[in-house]
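Residue numbers for the sequence shown follow my numbering, so the first one is 4 and each next one is one higher. Ideal Cβ positions, reconstructed from N, Cα and C, are used throughout, including at glycine. First comes the structure, then the notes that go with it.
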Amino acid sequence: MKRLDPATFSEKYAVRELTPAAVPAVLRLMQGNPLYFRYCGGDAVPSEQSILRDMSIVPGKKTLEDKYYVGFYRGETLAAMMDLIDSYPEDDIAFVGFFMMDISLQGAGEGTKIISRLCAKLKNQGIHRVRLGIDKGNPQSTHFWRKNGFQVIREVPQGDGAILLAERSL
């Protein structure tokens, strides 16, 4: 049984699990954010197949019970999405594997509101830190996560580039 209730992740948006039926909406949201994929390295281009794969990938010994692949909806419109792993890599840490806002909502504080609310809810559930990776060199992602209280704790080589592992204490 899942420990977290995604419906509590936002007061403004309806939050629900993203299923294969949501793949076209997820793909549209991703395609609207080409800057993100420019810094992912390799041939990172979103596709229906890559989204379906992302829906089922979990790190280490985690299971799908620990994974929250969720969408933030305004009515039936996908406004944002998140891939969150509960209790990873330690019991008191939640790992954000992916977070993206619709391009039309960026710069208006909506993403910050979502992250602030999420962090408050995670703290109430006994999570003490939130961790994530930032593609090194991506100015937009680096600015957003630093603005939201995340500090780089180390650099991790990956492929042709590096990921900045960042963390926020709750």
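Taking C-beta atoms as the reference points, V159 and V133 fail to come closer than 8 Å. Here the stretch 89-109 lies against the stretch 49-64, with 3 or more beta-carbon pairs under 8 Å apart.
Comparing C-alpha distances from S107 to each of Y71, T80, G162 shows the shortest one belongs to T80. The three-state secondary structure of D57, taken from DSSP, is helix.
In the structure shown, R41 adopts helical secondary structure according to DSSP, grouped into three states. Shown here, F153 sits in coil according to DSSP, grouped into three states, outside any helix or strand. C122 and E51 have their C-alpha atoms spaced approximately 29 Å apart.
As computed with DSSP, D86 is found in a beta bridge with Y72, F101.
As a beta-bridge residue in DSSP terms, I137 pairs with L167.
For V26, the enclosing alpha helix (DSSP H) stretches over residues 26-34. In the structure shown, the three-state DSSP call for E158 is strand. In chain order, V133, G152, F153 place their CB closer than 6 Å to the CB of R171, counting only its own chain and leaving out the 5 sequence neighbours on each side.
Each residue's CA atom was taken as its position, placing V73 and R120 some 15 Å apart.
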